[in-house]
Ligand SMILES: Nc1ncnc2c1ncn2[C@@H]1O[C@H](COP(=O)(O)OP(=O)(O)OP(=O)(O)O)[C@@H](O)[C@H]1O
Ligand SMILES: [Mg+2]
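Residue numbers (my numbering): 57 to 365.
Below, the structure is given as structure tokens:
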């Protein structure tokens, strides 16, 4: 079975509809990028602010297509052994001991046979990148937060992304039976290598519009009143225009709505906002900024627009 054997959406509208089945609200530009990446079988490279739905996109896609998701969570020092494969050294040692015990390591022929056994495919422990190439049905391969890995990892990924293959020096080249649908995310704490970007389709995920964010919070944080949803989203959207060290993402809007519902709040008021700022903002300087005047200013603005009593 190949990637085309999966029930892939055949239009941009079909992508939007497919993701909507799993409660993912996808705008047309992102849906177009995803549609093209599926159609052209090219990895999709998504960058954007934290908490705007990059990781969720890959998770949603695998659920919607009913296919396996394999994930490489990137961090500093990540290497081939953790992401692609490593030799099963314990099993290799046992193999050597057994051969020695059976007196099967006498001449050159024995040694060649033993070496072949030691570096057989069955001695390989498959990590997510290799697993992604050896599935019968195309999986979704999520390479998450690539900017956290060191630059040499970009170079290693080139072969996987461009050729859908991994070369194991002792064994040869392993090619994908069903090419994975690859989604790479980054928060842009460093620039990803141009050669790698060139092999991907690129999309920058913006903060959503008011309408789209309202749709997301209604789906992901049920239980609030219509009025509260509007107040929360309008407040957060205005917060993003302030000069904050770290503006709240969609994830924070969802968390804040859930927090307000848990506190039985029906409408925003200064005390509730001040007391729950830690759900929205994760830097003390930002919290102080909001506490010293900006909260009152934003609430006044909502009131002036008749969104608040
Ligand atoms: N368009 C969307 N539709 C539905 N849910 C969304 C959408 N965007 C974000 N979310 C929700 O917001 C939360 C955060 O999303 P996610 O973890 O994918 O963000 P991210 O961009 O990967 O952030 P980070 O860079 O911090 O990893 C998730 O709970 C997800 O369900
Ligand atoms: Mg993420």
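Every residue, glycine too, gets a C-beta built ideally from N, C-alpha and C.
Next item on the list: Check whether the Cβ of residue 289 sits closer than 7 Å to any heavy atom of ligand 1, and report yes or no.
Entry: Counted from its first residue, the chain shown places residue 289 at position 233. Judged by the Cβ position, residue 289 fails to qualify as a neighbour of ligand 1 at the 7 Å threshold, every heavy atom of the ligand being at least this far.
Next item on the list: Quick one: give me the first and last residue of the beta strand (DSSP E) that residue 240 is part of.
Entry: Stepping through the chain shown from its first residue, residue 240 is reached at position 184. Looking at the DSSP string, the run of the beta strand (DSSP E) that includes residue 240 is 237-242.
Margin query: Please classify residue 310 as buried or exposed, where buried requires at least 16 neighbouring CB atoms within 10 angstroms.
Written below: As a first step, residue 310 must be located in the chain shown, where it is residue number 254. So residue 310 ends up on the buried side.
Checklist line | Any 3 or more C-beta pairs closer than 8 Å across the stretch 106-114 and the stretch 147-166 | finding: no
Notebook entry, point to check: So is residue 259 buried or exposed if we call it buried at 16+ other beta carbons inside 10 Å?
Noted result: Here residue 259 corresponds to residue number 203 of the chain shown, with the count starting at 1. The residue in question, residue 259, is buried, as its Cβ has 16 or more Cβ neighbours within 10 Å.
Notebook entry, point to check: Closer than 7 Å: is that where the CB of residue 229 sits relative to any heavy atom of ligand 2?
Noted result: Within the chain shown, residue 229 is the residue found at index 173, counting from 1. Answer for residue 229: no, Cβ out of range of ligand 2.
Margin query: As a quick exercise: from 234, 267, 302 and 238, pick the residue whose alpha carbon is nearest that of residue 102.
Written below: Sequence index remark: in the chain shown, residue 102 carries index 46 (1-based). Relative to the Cα of residue 102, the nearest Cα in the group 234, 267, 302 and 238 belongs to 238.
Checklist line | Inter-residue spacing [alpha-carbon to alpha-carbon] between residue 353 and residue 84 | finding: The count along the chain shown starts at 1 and reaches residue 353 at position 297. The count along the chain shown starts at 1 and reaches residue 84 at position 28. Between residue 353 and residue 84, the C-alpha separation is close to 34 Å.
Next item on the list: Pair every Cβ in the stretch 277-295 with every Cβ in the stretch 248-262, then say whether three or more of these pairs are closer than 8 Å.
Entry: no
Next item on the list: Report the rounded CA-to-CA distance for residue 318 versus residue 100, giving the unit in angstroms.
Entry: Stepping through the chain shown from its first residue, residue 318 is reached at position 262. Stepping through the chain shown from its first residue, residue 100 is reached at position 44. When the Cα atoms are used, residue 318 and residue 100 turn out to be separated by approximately 37 Å.
Next item on the list: Could you name the residues of the same chain whose beta carbon sits closer than 8 Å to that of residue 361, not counting the 5 residues immediately before and after it, in chain order?
Entry: Here residue 361 is taken as the residue at index 305 of the chain shown, counted from 1. Answer for residue 361: 290, listed in chain order.
Notebook entry, point to check: residue 394: which of 128, 141 and 199 sits nearest, CA to CA?
Noted result: Residue 394 lies beyond the residue range present for the chain, which begins at 57 and ends at 365; the question has no answer from this structure.
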